[in-house]
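Below: one structure, written as C-alpha cells.
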Amino acid sequence: MLSLDFIRNNKQKVMDAAKNKNRVIDIEKIISLDDKRRKHISEIQHLREVRNLLSKKNPDESVRAKGKGIKEKLNNL
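The opening position of the sequence shown corresponds to residue 14 in the numbering used here, with each subsequent residue numbered one higher.
Put into C-alpha cells, the structure is as follows:
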C-alpha cells in the first residue's frame, strides 16, 4: 500500500506503475479526497481546542450553548 504523501509527491510514477499493471486509477480523485479528509481533521481539532478552552472557564449559559453547538458540529463530522 502506498502512502498518500508518496502518491501526492510522485503522481506520474504511480500512474505509470498502475498502467504497467493494467490498472486504472484516478490520482486526482485520491488527492481530492485526501484534501477533504485533512480539512475535516483540521476542523475537528480546532473545534476540540475551542471546546476544551470553554470547558476550563466557569461556564455561564452562553458558554454552555457554545459548547453544545460545538458538540453538535463534531457529531455531524
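Where a beta carbon is used, it is the ideal one built from N, C-alpha and C, also for glycine.
All of these numbers come straight from a predicted model, not from anything done at the bench.
CA-to-CA distance, residue j to residue i, given in whole angstroms
i     : j     : result
Asn65 : Gly82 : 13 Å
Arg21 : Ile40 : 8 Å
Gln25 : Arg50 : 22 Å
Ile44 : Ser68 : 36 Å
Leu87 : Asn33 : 43 Å
Val76 : Leu17 : 39 Å
Asp29 : Glu56 : 35 Å
Lys92 : Glu62 : Summary: the structure shown does not reach residue 92, with the chain confined to residues 14 through 90, and so no result is reported for it.
Cβ-Cβ separation, residue j to residue i (assumed contact under 8 Å), whole Å
i     : j     : result
His10 : Leu90 : Here the chain has residues from 14 to 90 only, and residue 10 is not among them.
Leu46 : Val27 : No, Leu46 and Val27 are not in contact; Cβ-Cβ is about 15 Å, not under 8 Å.
beta-carbon residue i near the ligand GDP non-hydrogen atom, thresh 7 Å
i     : result
Asp73 : The ligand GDP is absent from the structure shown, which contains no ligands of any kind.
Same chain, Cβ closer than 6 Å to residue i, neighbours up to 5 away in sequence not counted
i     : result
Ala31 : Ile38
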